[in-house]
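Enquirer: Residue numbering for the sequence shown follows this note's numbering, starting at 4 and increasing by one per position. In this text, a Cβ means the ideal position worked out from N, Cα and C, and glycines have one as well. Small disclaimer: the values here were computed from a predicted structure and weren't measured.
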Amino acid sequence: MGKEFRGTIADQPDFDAGSDAEALYNAMKGFGSDKEAILDLITSRSNAQRQEIRAAYKSQYGKDLIDDLKYELTGKFERLIVGLMRPPAYHDAKEIKDAIKGAGTDEKCLIEILTSRTNEQIHNLVAAYKDAYGRDLEEDVIGDTSGHFKKMLIVLLQGTREEDDVVSEDLVEQDAQDLYDAGEAQWGTDEAKFIMLLGNRSVTHLQLVFDEYQKIAESSIEDSIKSELSGDFERLMLAVVQCIRSKPMYFAKRLYKSMKGLGTADNTLIRIMVSRSEIDMLDIRECFRLRYEKSLYNMIQDDTSGEYKRTLLNLCGGDDDIAGEFFPEAAQIAYKMWEISAMTKVQLRGTVRPYQNFDPASDAQALRKAMKGFGTDEDTIIDIVTHRSNAQRQEIRQTFKSLLGRELMADLKSELSKNLERLILGLMMTPAEFDAKMMKKAMEGAGTDEHSLIEILVTRSNQEIQEMCSAYQNAYKKSLEDAIASDTSGKFKRILISLAQGAREEGPVDMARALEDAQVLADACNADSDDMEDKFMSILCTRSFPHLRKVFQEFVRCSNKDFEQIIKKEMSGDFKNAMFAIVRSVKNQPSYFADRLYKAMKGLGTDDRALIRIMVSRSEIDLFNIRKEFKETHDATLHEFIQVETLVVSCVFLLIHPACICASITGAIRRKESCVDIVFCLTVGVAHPLLVKSRGTECLTGSCGVLARLSCLGISPACLTSSQCADSDWWRERRQEVFSNRSILAL
4 MGKEFRGTIA DQPDFDAGSD AEALYNAMKG FGSDKEAILD LITSRSNAQR QEIRAAYKSQ
64 YGKDLIDDLK YELTGKFERL IVGLMRPPAY HDAKEIKDAI KGAGTDEKCL IEILTSRTNE
124 QIHNLVAAYK DAYGRDLEED VIGDTSGHFK KMLIVLLQGT REEDDVVSED LVEQDAQDLY
184 DAGEAQWGTD EAKFIMLLGN RSVTHLQLVF DEYQKIAESS IEDSIKSELS GDFERLMLAV
244 VQCIRSKPMY FAKRLYKSMK GLGTADNTLI RIMVSRSEID MLDIRECFRL RYEKSLYNMI
304 QDDTSGEYKR TLLNLCGGDD DIAGEFFPEA AQIAYKMWEI SAMTKVQLRG TVRPYQNFDP
364 ASDAQALRKA MKGFGTDEDT IIDIVTHRSN AQRQEIRQTF KSLLGRELMA DLKSELSKNL
424 ERLILGLMMT PAEFDAKMMK KAMEGAGTDE HSLIEILVTR SNQEIQEMCS AYQNAYKKSL
484 EDAIASDTSG KFKRILISLA QGAREEGPVD MARALEDAQV LADACNADSD DMEDKFMSIL
544 CTRSFPHLRK VFQEFVRCSN KDFEQIIKKE MSGDFKNAMF AIVRSVKNQP SYFADRLYKA
604 MKGLGTDDRA LIRIMVSRSE IDLFNIRKEF KETHDATLHE FIQVETLVVS CVFLLIHPAC
664 ICASITGAIR RKESCVDIVF CLTVGVAHPL LVKSRGTECL TGSCGVLARL SCLGISPACL
724 TSSQCADSDW WRERRQEVFS NRSILAL
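1) For Ala3 versus Ala486, is the C-beta spacing smaller than 7 Å?
2) Should Pro16 go down as buried or exposed, given a rule of 16 or more other Cβ atoms within 10 Å for buried?
3) If you draw a straight line from the C-alpha of Lys605 to the C-alpha of Ala639, how long is it?
4) From which residue to which residue does the alpha helix (DSSP H) around Ser455 run?
5) Is the beta carbon of Lys196 closer than 7 Å to that of Ala179?
6) Can you list, in chain order, the residues of its chain whose CB lies under 8 Å from that of Gly10, leaving out five sequence neighbours each side?
7) Just the C-alpha distance for Gln52 and Asp14, rounded to the nearest angstrom, thanks.
8) Alpha carbon to alpha carbon, how far is Cys707 from Gly264?
9) Quick one: what does DSSP say Lys564 is sitting in, helix, strand or coil?
10) Can you give me the Cβ contacts of Asp452 inside the same chain, cut-off strictly under 7 Å, excluding the 5 residues immediately before and after it?
11) Drop a sphere of 10 angstroms on the beta-carbon of Gln556, count the other beta-carbons inside from all chains shown, and report buried for 16 or more, exposed for fewer.
12) What's the gap between the Cα of Leu140 and the Cα of Lys32?
13) Got a sec? Which residues, its chain only, sit under 7 Å from Leu351 by beta carbon, not counting five neighbours each side?
14) What would DSSP say about Ser280, mapped onto helix, strand or coil?
15) Could you give the residue range of the alpha helix (DSSP H) that holds Leu128?
16) Output the distance between the C-alpha atoms of Val709 and Leu750, rounded to the nearest integer angstrom.
17) Could you please give the first and the last residue of the uninterrupted alpha helix (DSSP H) stretch that includes Glu398?
18) For Lys38 and Glu310, which I take to be in contact (beta-carbon distance under 8 Å), what is that distance rounded to the nearest angstrom?
19) Using only the alpha-carbon positions, how far apart do Thr636 and Phe291 sit?
20) Which whole-angstrom value is the C-beta distance of Glu418 and Thr379, which I expect to be below 8 Å?
21) May I ask which residues mark the beginning and end of the alpha helix (DSSP H) holding Gly234?
22) Here's the rule I'm using: 16 or more other beta-carbon atoms within 10 Å means buried, otherwise exposed. How should Glu166 be labelled?
23) Give the secondary structure of Glu166 by DSSP, where H, G and I count as helix, E and B as strand, and everything else as coil.
24) Around the Cβ of Arg409, are there at least 16 other Cβ atoms within 10 angstroms (buried) or fewer (exposed)?
25) Does Leu419 come out as helix, strand or coil in the three-state DSSP assignment?
26) Looking at C-alpha atoms only, which residue of Met155, Arg204, Ile500 and Lys153 is the closest neighbour of Ser171?
27) Please classify Met276: is it buried, with 16 or more other beta-carbons within 10 angstroms of its beta-carbon, or exposed?
28) Can you look up Glu81 in the DSSP assignment and give me helix, strand or coil?
29) Would Val589 and Arg552 be called neighbours here (beta carbons separated by less than 7 Å)?
30) Leaving aside the five residues before and after Phe213 along the sequence, list all residues of the same chain whose C-beta is less than 6 Å from its C-beta, in chain order.
31) Taking the alpha-carbon positions, what's the Ile718 to Thr609 distance?
32) Between Leu117, Leu456 and Lys421, which lies nearest to Asp438 when the distance is taken from Cα to Cα?
33) Counting only the same chain and skipping the five closest in sequence on each side, list residues whose C-beta sits under 6 Å from that of Arg616.
34) Just to confirm, is the Cβ distance from Glu110 to Asp235 under 7 Å?
35) What's the call for Pro363, buried or exposed, on a 16-neighbour Cβ count within 10 Å?
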């Protein structure tokens, strides 16, 4: 019995190739073309049927259908429709040819195709390449690549991966040990062993090898590859592992990265939607929703337009945001994800460590000198404060007072301003004082910053919460619980007060109780709303994180539902956000913080309080891990994102003309360059800020959302007058904004 069909495009019943060929001919004859008719017909026929239509078209009209489509259509829509009309092997061959022709090589395209195709598909691809271009694919790949990257591609091009599902337990253990010995267990890496095993063993065998490797190394094979390999070879081997684990999840990640951020990687989007529409698009959709909490359908809808969008949505086949249950493949992946989360022993690492040869007296004197006289030496302050641990900073505070009879915090407050002041003072507080201050800020004034309250109370340990409560009482002469009770209401208030007790259970998983809790949550999904929320709160706010990981894993087995999707669909408001934050923290806390940082910086303006709060509070705990998660999810480093935040201020401060900014960024975005490349582009043009007039404003705001952050930083390009340029306080504030971001980068 064959595998269940998981595509979104299938054979059309009552198919008539001649009739379809005539309909396409009529849609393209005369002035203009009926694009709606073309896309509706082509996306409702399987690829095999399209080949029959193509043959019938040539027979009836003596013309090649693809040539006519190229003539009538343009741009991305043309590439998409023509891609659908090619046989799969010839489409892959065209993508490979485009990836290696010309001066550069699209390594990501090579990796995607060669790691995700079956042996049969690889053989068909090689034959199609030879037929279409009269060249040997292996020779072309050899001529365009090098090193271990080339060797692994050649192995994959052979299409000889074992396909026997019968697995030897002894060989699984041996291969896992061999991989460990080839990497983690020795100085240097035996790349040949990685190539041989990952390039030839069967999918079923390698899935078991990866599980066994996790037990031996106490880390995932992915983490080992990241630490042992580099460059294109690292990306290739990670793609192999991801495709072995789950091709649908691999493609879900590729699709997400093709659409997130500024611009769209249309070639990647088209290639995946065309190649997977008859294979596993349903599973890709579910994996997409599982990982990104948004349907693929909605992301395509938000990121594309016109007939191009309609065609992609037809290939997608439906919106999964209305669904709650998993498809079988996605349920297995979800269960496995929670299992891996529970098994992985992550070593949390901060980025700020105790300073060697620490001398609090010398640091205290240097800080005083940096603040004496005319002006402030921000560089010295940043260098000292960001390179000392919090414990060392407390010693500096005490020594500063003992030696100089002055309060360091008061001096810093008088010398610094705005975000630089908030950041440096935050670093100089104890963690408990800082958290208490953040909680106070979140609740003071007219509105309440519920996201800050949730973030702090969900992610702190029992001890950290208890110390924060004590610091809050000392600083504000009021208990934190009373403050929360007076500023929030309903079940959201109950969640926060529960978390503020700092009484979450600690210790290992109780398996029997985890199964019981999972069943309680599954049953609660069928209860009325109030009862469900009470049940969820009683378990999620009190059980230990290791216990909850097992509960969420077993919930998938009990209900065949996505826990996060249940929260998203059945709950609302701040209660939903709090539940969601708990689940995300339990699953992967560094990933939760990476997402919070991304949201703080994306779009127009920056949530500076969130950025400062996370960078300060996590710098000695897990900021290194957060950086890794940020890079993996957003395909750009946290460092690059923060550099973009300095971009506009730095440009005005360094007197760079806005027209140069516009041209540089527009070109960089069109080329899909990284944030750091964009920043680098901006070092080339120089002009006085008086030239930043309304003409420049129009140019700036039309180019990219990043540039609109001028207004968020207090800079209106049309309003830079000679009086402002001469105003030392105005420039001092702009200067300290630059130093603030420099301080964050130092962390």
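Expert: This is what the structure gives:
1) The chain is shown only over 4 to 750; residue 3 falls outside these bounds and no answer can be derived.
2) exposed
3) 12 Å
4) Glu453 to Thr462
5) no
6) Spatial neighbours of Gly10 in its own chain (CB-CB distance under 8 Å, excluding positions within 5 residues in sequence) are listed in chain order as Arg279, Ser280, Glu281, Ile282, Asp283, Met284 and Leu285.
7) 7 Å
8) For Cys707, the predicted model reports a pLDDT of 37, less than 50, meaning its position is unreliable; a value from the coordinates is still stated below. When rounded, the distance between both Cα atoms is 11 Å.
9) Lys564 falls in the strand class under three-state DSSP.
10) Ala445
11) buried
12) Looking at the two C-alpha atoms, the distance is approximately 38 Å.
13) Ile624, Asp625 and Asn628
14) Secondary structure of Ser280 (DSSP, three-state): coil.
15) Asn122 to Tyr136
16) The predicted model places Val709 with a pLDDT of 37, which falls under 50 and marks its position as unreliable; any figure quoted below should be read in that light. Roughly 23 Å between the two C-alpha positions.
17) Asn393 to Leu407
18) 5 Å
19) 13 Å
20) 5 Å
21) Per DSSP, Gly234 belongs to the alpha helix (DSSP H) from Gly234 to Arg248.
22) exposed
23) Of the three classes helix, strand and coil, the one that applies to Glu166 here is coil, per DSSP.
24) exposed
25) coil
26) Arg204
27) buried
28) In the structure shown, Glu81 sits in a helix (DSSP, three-state: H, G or I).
29) Between Val589 and Arg552, the C-beta spacing is below 7 Å.
30) Ile224
31) In this prediction, Ile718 has a pLDDT of 40, which is less than 50 and means its spatial position is unreliable; what the coordinates show is noted afterwards. Approximately 14 Å, taken between the alpha carbons.
32) Leu456
33) Met441
34) yes
35) buried
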